[in-house]
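Inspection log for the structure reproduced underneath, given as C-alpha cells.
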Amino acid sequence: MTSSPPGPTVAPQSQGFSLEGRTALVTGARRGIGAAIAAGFAAAGADLVLMARDAALEDTREAIKKSGGEATVITADFADPAAVEAAATEIANSRTIDILVNNAGTIRRAPAASTSPSDWHHVIDVNLNSTWAVTRPVGAAMVARGEGKIITIASLLSFQGGISVPAYTASKHAVAGLTKALANEWGPSGVQVNAIAPGYISTDNTTDLRADPEREAAIRDRTPAGRWGRPEDLVGAAVFLASAASAYVNGHVLAVDGGWLAR
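With the numbering used here applied, the sequence shown corresponds to residues 216 to 478, in that order.
Here you go:
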C-alpha cells in the first residue's frame, strides 16, 4: 500500500492569516489600493518596504505605524523599467522579501485610433514592464530560498476589453498571463504567484468615470453589490494570498469585484 508524501504542516486557522515575521515589498503604495494593502499587511504583522515614484508617503507610513508595523521607502520611477529593476535588484540582494505586491499602475484614456505611441508605451512600461522588472529579481531570490508570495494587481480588464483603454487592457491581460506562467515555473520551488482583479474601485484611476454621471450610474447599477468598491475592500484578499492560508493557491486571478463578473 502506498501513501502520499507528507505535505507541509498546516498552520492552525488562527495563525493561517498571520504575517508575523514577514517582510512585504509593495509598489505604488502612496495612496489607493497600495496604501490600503500596506496598512493591512502591517496590521497582520508584516514589516513593509514601499517602492514608489517619490518619497511623499507620509500618510501611508503613518497608517503602517498605527497598525504596529515599520516601513522603509525606496524611490523609483515606474515609467523607467531599467531604474525599477536596479532598485528591485538592490532590495533583493540586501533584504529578504517574503511577499511582493505589484500594485503600481497607470491608465491613459483615449479611443484606440487616437492613442499616441507615447501613451501606449508609458502605460505598458508602468503596468507590465516595470512589474516584470520588480518580479524577476525578487522572485528569483524567493525561488533560491524555496518560498515566497507574489501578488499582482490585475483588473476586470484582464478578462474584458473595456472602452477607450487599449494599452491598459493589453497590460492587464498580460499581467494575468504572466501570473500563470510564473506560477508554473516557480510553484515547484515553493513560490505562489497569484493576482487580484479589482472591480470598479474609488481611486485616482477611476476619477474620470466617477465624474461622468451616466458612466458612474451604469457601473454602480451593473454591480450586484450596488456600490463602487473601496481600496480597503482588497485588503482581505491580499492578506489571504500573502499568508500561509493560501499555501495551495497558485496561478489564480481572484476577482474582488462586488459581483461584476457574475452579471
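Note that CB positions come from ideal geometry on N, CA and C, so glycine has one too.
Model, not experiment: these values are computed from the prediction.
| said: For residue 301 and residue 341, which I take to be in contact (beta-carbon distance under 8 Å), what is that distance rounded to the nearest angstrom? | reply: Contact check for residue 301 and residue 341: beta-carbon distance about 16 Å, past the 8 Å limit, so the pair fails to qualify.
| query | Thinking C-beta only, is residue 403 closer than 8 Å to residue 327? | reply | One thing to note: residue 327 has its Cβ no nearer than 8 Å to the Cβ of residue 403.
| field | Simplified DSSP assignment, three categories, for residue 410 | value | strand
| said: Just to confirm the assignment, what range does the beta strand (DSSP E) spanning residue 314 have? | reply: 314 to 317
| field | Nearest neighbour of residue 419, chosen from 319, 454, 429, 463 [CA to CA] | value | 319
| field | Helix, strand or coil at residue 241 [DSSP, three-state] | value | Reduced to three states, the DSSP call for residue 241 is strand.
| request: Since I believe residue 299 is in contact with residue 348 (beta carbons under 8 Å), could you give me their beta-carbon distance rounded to a whole number of angstroms? | output: 4 Å
| said: Tell me the rounded alpha-carbon separation between residue 353 and residue 437. | reply: 38 Å
| field | Element boundaries [alpha helix (DSSP H), containing residue 322] | value | That residue, residue 322, is in no alpha helix (DSSP H); it is neither H nor E in DSSP.
| message | Does residue 477 come out as helix, strand or coil in the three-state DSSP assignment? | response | It is helical.
| task | Consult DSSP for residue 441 and reduce its assignment to one of helix, strand or coil. | result | coil
| query | Is the CB-CB distance between residue 435 and residue 416 below 8 Å? | reply | No, Cβ-Cβ distance for residue 435 and residue 416 is not below 8 Å.
| task | Tell me, please, whether the CB atom of residue 376 is closer than 8 Å to any CB atom in chain C? | result | Any reference to chain C falls outside this structure, which holds one protein chain only.
| task | Could you pull out every residue in the same chain whose Cβ sits closer than 7 Å to the Cβ of residue 232, ignoring the five residues on either side in sequence? | result | 259, 454, 455, 458, 460
| message | On a Cα-Cα basis, can you pick out the residue from 464, 285, 286, 448 that is closest to residue 474? | response | Taking only the C-alpha atoms, the option nearest residue 474 is 448.
| request: Mind listing, in chain order, the continuous alpha helix (DSSP H) runs of no fewer than 4 residues lying wholly within the stretch 361 to 415? | output: 381 to 401
| query | What are the residues that DSSP puts in a beta bridge with residue 469? | reply | 411
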